[in-house]
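Number of protein chains: 2
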Amino acid sequence: MRHVAALAGVGVKTVSRVINGEPNVSAATIAKVEAAARTLDYQPDLHAGNLRRADGRTRTLGLLVGSVDNPFSGAVHRAVEDAALARGVSVFASSLDDDPAREQEAVSAFLRRRVDGLILTTITESQAYLAPELRRGTPVVFVDREPAGITSDAVVSDNADGAALATRHLLEHGHRRIAYLGDRHGIQTARERHRGYLDELGRAGVSTRDQHVVEGLHDEATSQAATLALFDAPSPPTAIFSSQNLVTIGVIRALRELGRQHDTALVGFDDVPLGDLLDPGVTVVAQNPQQIGRTAAERIFARLDGDTAPAARSIVPTRLIVRGSGEITPRTEG
Amino acid sequence: MRHVAALAGVGVKTVSRVINGEPNVSAATIAKVEAAARTLDYQPDLHAGNLRRADGRTRTLGLLVGSVDNPFSGAVHRAVEDAALARGVSVFASSLDDDPAREQEAVSAFLRRRVDGLILTTITESQAYLAPELRRGTPVVFVDREPAGITSDAVVSDNADGAALATRHLLEHGHRRIAYLGDRHGIQTARERHRGYLDELGRAGVSTRDQHVVEGLHDEATSQAATLALFDAPSPPTAIFSSQNLVTIGVIRALRELGRQHDTALVGFDDVPLGDLLDPGVTVVAQNPQQIGRTAAERIFARLDGDTAPAARSIVPTRLIVRGSGEITPRTEG
DNA sequence: CCTATCGATGACATCGTTGTCAAGGCGACA
DNA sequence: TGTCGCCTTGACAACGATGTCATCGATAGG
Chain A
149 MRHVAALAGV
159 GVKTVSRVIN
169 GEPNVSAATI
179 AKVEAAARTL
189 DYQPDLHAGN
199 LRRADGRTRT
209 LGLLVGSVDN
219 PFSGAVHRAV
229 EDAALARGVS
239 VFASSLDDDP
249 AREQEAVSAF
259 LRRRVDGLIL
269 TTITESQAYL
279 APELRRGTPV
289 VFVDREPAGI
299 TSDAVVSDNA
309 DGAALATRHL
319 LEHGHRRIAY
329 LGDRHGIQTA
339 RERHRGYLDE
349 LGRAGVSTRD
359 QHVVEGLHDE
369 ATSQAATLAL
379 FDAPSPPTAI
389 FSSQNLVTIG
399 VIRALRELGR
409 QHDTALVGFD
419 DVPLGDLLDP
429 GVTVVAQNPQ
439 QIGRTAAERI
449 FARLDGDTAP
459 AARSIVPTRL
469 IVRGSGEITP
479 RTEG
Chain B
149 MRHVAALAGV
159 GVKTVSRVIN
169 GEPNVSAATI
179 AKVEAAARTL
189 DYQPDLHAGN
199 LRRADGRTRT
209 LGLLVGSVDN
219 PFSGAVHRAV
229 EDAALARGVS
239 VFASSLDDDP
249 AREQEAVSAF
259 LRRRVDGLIL
269 TTITESQAYL
279 APELRRGTPV
289 VFVDREPAGI
299 TSDAVVSDNA
309 DGAALATRHL
319 LEHGHRRIAY
329 LGDRHGIQTA
339 RERHRGYLDE
349 LGRAGVSTRD
359 QHVVEGLHDE
369 ATSQAATLAL
379 FDAPSPPTAI
389 FSSQNLVTIG
399 VIRALRELGR
409 QHDTALVGFD
419 DVPLGDLLDP
429 GVTVVAQNPQ
439 QIGRTAAERI
449 FARLDGDTAP
459 AARSIVPTRL
469 IVRGSGEITP
479 RTEG
């Protein structure tokens with residue numbers, strides 16, 4: 149900026165005024181400064197300005213998602229980006245990988261860079277460590293998983309309800325042996341989905357004790373292996389509820405391997421890419437990652453704009469997408 | 149930092165020393181400062197430090213990809229993130245959407261935030277506007293598409309070669325009417341892939357004039373419509389080469405709709421999620437987005453570490469994945 | 001016992017920008 | 001013509017950190 153001022157033959161403050169479009173600068177001066185800025189390819193330093201600027205905003209957001217190469221996370225990210233772009237805000241994006249240490253590092257990296265707000269998917273047992281930051285006024289919105297040990301805005305799918313919907317769908321097609329495959333109980337969404345599954349079985353008066361429940365699955369390989377094991381054991385299920393997209397894919401692979409994809413029903417939680425093109429099509433309870441991302445960004449910006457309403461949980465509805473795999477009826481021999 | 153210094157009863161410079169692990173601070177002082185920092189939940193301001201710090205590094209990278217919710221982009225992003233994380237560098241990620249204005253805005257947003265390096269996918273006709281920044285020493289690595297109007301590092305797939313590979317595969321299965329479906333010619337990768345396709349036809353002595361070539365496709369819907377139109381026209385192709393993942397998906401949908409997925413061969417450029425689970429499996433020339441991202445990040449860090457070798461283009465090999473759709477032989481009636 | 005040396009510490013300038021404030025110039029109006 | 005007020009402009013401090021340098025005290029060596 150000093151160089152621009154020197155070249156234009158004006159003071160630095162006048163350059164600042166021109167760059168920021170402040171009023172009360174003569175047209176001739178504006179022209180001189182703009183010419184100088186162009187000549188030097190000047191880009192103002194947002195962070196230096198921030199140091200002194202009244203609002204102290206970096207126009208930057210920190211986003212932590214499951215993994216930036218997961219389709220669900222990618223869709224959330226994209227929605228956040230679009231909302232942010234409209235306000236001239238840039239987005240730091242990081243992957244959680246369900247690693248508590250990675251969460252802490254990412255949050256710390258965001259805070260050291262003074263982001264205006266945090267949109268977080270978490271895996272730590274408690275996010276109480278964020279309390280001081282919240283008190284300082286940094287808005288935090290939790291996405292996908294609800295916070296623990298702290299109160300702040302959250303935007304989540306209706307996990308229990310969606311899981312119940314999936315389970316009910318299978319029950320209505322006559323299934324009574326419905327396996328549950330999901331991630332470990334320590335993960336809030338997995339817990340909720342498992343609860344929804346159990347609740348629905350209970351409501352239908354179906355014993356929950358005889359069901360196969362496999363937890364701790366979070367990638368295709370383990371899920372595929374678990375599914376194969378299921379059919380090696382006595383009284384295999386006639387239907388499977390898989391509670392996450394990668395788990396669903398693992399189940400599909402296993403059923404193919406066993407040649408049972410047409411006689412074992414499957415409903416997945418969270419949509420699967422090209423799920424409609426598979427044979428059978430994959431029936432899922434789809435989340436709405438776009439809406440989750442958009443809503444989260446809107447919450448952040450509302451907070452930044454001064455909204456002081458109590459922390460709220462936004463629940464984004466899930467939707468059953470019928471494509472074939474969930475409508476298979478139980479094997480009679482079974 | 150002032151508050152920490154006051155609470156610990158030391159000077160700010162001493163706090164700075166403790167935070168940065170500089171030598172020559174007594175153990176007692178370190179303990180006092182760390183206690184004060186913990187009490188106040190102090191997070192150093194990376195950008196303020198940067199203003200004065202000798203190296204002037206923000207430990208931040210700008211990444212511009214096609215779209216953060218595209219699987220290819222997501223994989224690139226993830227690889228960049230992992231490489232960056234190992235060096236304590238955070239990543240700004242933005243989507244290009246093949247919009248030149250969006251490119252300029254994203255780059256400008258990155259530069260105003262003083263990123264240490266840029267990893268860019270571009271759509272502008274020339275990236276000469278980056279020359280001043282390059283001269284200032286900011287490393288720029290182009291990914292996926294090569295730069296125009298400027299010389300800098302690039303990491304790309306071997307597009308022409310991969311397209312030729314796909315085309316050859318179809319030729320070897322007896323096809324002589326091979327349609328090309330791709331994006332507009334203005335896009336460097338599309339141009340290269342089209343060239344590889346034409347070259348391979350030429351090498352095989354197959355007329356390139358009689359082939360259906362549809363350009364300007366970049367999403368599922370337009371690609372699907374274009375494919376349907378192809379089969380409405382005289383002498384439809386017996387095989388299709390689709391030059392991008394979303395285009396491939398559109399083609400698959402159209403072939404399904406026509407019931408021709410088993411009698412029309414298809415090879416796609418860039419892998420398709422669950423391509424192995426479809427019927428028929430989708431034969432593709434797969435790129436290696438992980439390696440592209442990793443290599444790009446490595447180039448950036450090498451430049452930051454002082455590598456002054458001339459700008460180089462890294463070519464990441466493609467790989468033919470045979471899954472069924474590409475091995476269909478021509479219809480005899482056709 | 002005096003001095004050279006070194007470790008520990010803080011005062012101060014500085015990075016690039018913006019908020020505050022004062023000053024100069026000019027036109028309008030009495 | 002004098003005064004007032006507005007428009008335009010720049011000097012200066014400040015933001016939160018780090019680089020430089022001086023100071024102080026302790027320790028070691030002669």
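Chains A and B, in that order, give the protein sequences. The numbering used here applies: residue 149 is where the first sequence begins, and numbers increase by one. The numbering used here applies: residue 149 is where the second sequence begins, and numbers increase by one. The C-beta atom is built at its ideal place from N, Cα and C for all residues, glycine as well.
Annotation: B/GLY364 has no Cβ neighbours in chain A at a cutoff of 8 Å; minimum Cβ distance is about 23 Å. Taken through DSSP and simplified to helix, strand or coil, B/ASP217 comes out as coil. The three-state secondary structure of A/ALA296, taken from DSSP, is coil. In the DSSP assignment, A/PHE240 falls within the unbroken beta strand (DSSP E) covering 238-243. Chain-order list of chain B residues neighbouring A/GLU229: VAL216, ALA241, SER242 and SER243, by C-beta distance under 8 Å.
DSSP lists B/VAL289 as the bridge partner or partners of B/ASP301. Apart from sequence neighbours up to five positions away, the residues of its chain that approach B/ALA231 with a beta-carbon distance below 6 Å are ARG442 and ALA445, ordered along the chain. Taking every protein chain shown into account, the CB of A/ASN218 has 16 or more other CB atoms within 10 angstroms, so this residue is buried. For B/ILE167, no chain A residue has a Cβ inside 9 Å of its Cβ, as the nearest lies near 11 Å away.
Across the set A/GLY214, A/VAL228, A/GLY222 and A/LEU266, the C-alpha of A/GLY214 shows the shortest separation from the C-alpha of A/ARG250.
The stretch 290-302 of chain A makes contact with the stretch 265-274 of chain A; the number of CB pairs closer than 8 Å reaches 3 or more. In the DSSP annotation of this structure, the continuous segment of the beta strand (DSSP E) that includes A/TYR328 starts and ends at 326-329. Counting along the chain, the unbroken beta strand (DSSP E) around A/GLY265 starts and ends at 265-268. For B/ASP411, not one C-beta of chain A is nearer than 7 Å to its own C-beta. The DSSP-derived three-state label of A/ILE476 is coil. As for any beta strand (DSSP E) of minimum length 3 sitting wholly inside the stretch 355-387 of chain A, there is none.
In the DSSP assignment, B/LEU414 falls within the unbroken beta strand (DSSP E) covering 413-417.
Interface annotation, A/SER238: in contact with chain B, CB-CB separation under 7 Å. Proximity of the stretch 384-394 of chain B to the stretch 317-327 of chain B meets the contact definition, three or more beta-carbon pairs being nearer than 8 Å. Residue-level contact check: A/PRO171 does not touch chain B, since none of the beta carbons of chain B fall below 7 Å from its beta carbon.
A distance of 7 Å or more separates the beta carbons of B/VAL224 and B/SER462.
Straight-line measurement puts the Cα of B/ALA381 at about 19 Å from the Cα of B/SER355. Proximity of the stretch 342-361 of chain A to the stretch 299-316 of chain A meets the contact definition, three or more beta-carbon pairs being nearer than 8 Å. B/GLY407 is classed as exposed because its beta carbon has fewer than 16 other beta carbons within 10 Å across all chains shown.
In the displayed model, B/ILE335 falls within coil according to three-state DSSP, outside both helix and strand.
By the C-beta density criterion, A/GLU340 is buried, having at least 16 other C-beta atoms within 10 angstroms.
A check of alpha carbon separations from A/SER221 across A/ARG200, A/ASP419 and A/THR375 identifies A/ASP419 as the nearest. Rounded to whole angstroms, the separation of the alpha carbons of B/THR187 and B/VAL239 is 30 Å. Closer than 7 Å to the CB of A/GLY222 there is at least one CB belonging to chain B.
Closest option to A/VAL166, judged by alpha-carbon separation, among A/GLY157, A/GLY159, A/VAL181 and A/HIS342: A/VAL181. In this structure B/THR480 is exposed. Its beta-carbon is surrounded by fewer than 16 other beta-carbon atoms within 10 angstroms. DSSP places A/ARG316 inside the alpha helix (DSSP H), whose first and last residues are 307-320. Contact annotation: in the stretch 246-263 of chain B, residues whose CB is within less than 9 Å of a CB in chain A are ARG250, GLU253, ALA254, SER256, ALA257, PHE258, LEU259, ARG260, ARG261 and ARG262. Here DSSP, grouped into helix, strand and coil, assigns A/VAL152 to helix. Contacts with chain B (Cβ-Cβ distance below 8 Å) from the stretch 192-216 of chain A involve PRO192, ASP193, LEU194, HIS195, ALA196, ASN198, LEU199, THR206, THR208, SER215 and VAL216, listed in chain order.
Around the CB of A/LEU259, 16 or more other CB atoms lie within 10 Å, so the residue is classed as buried.
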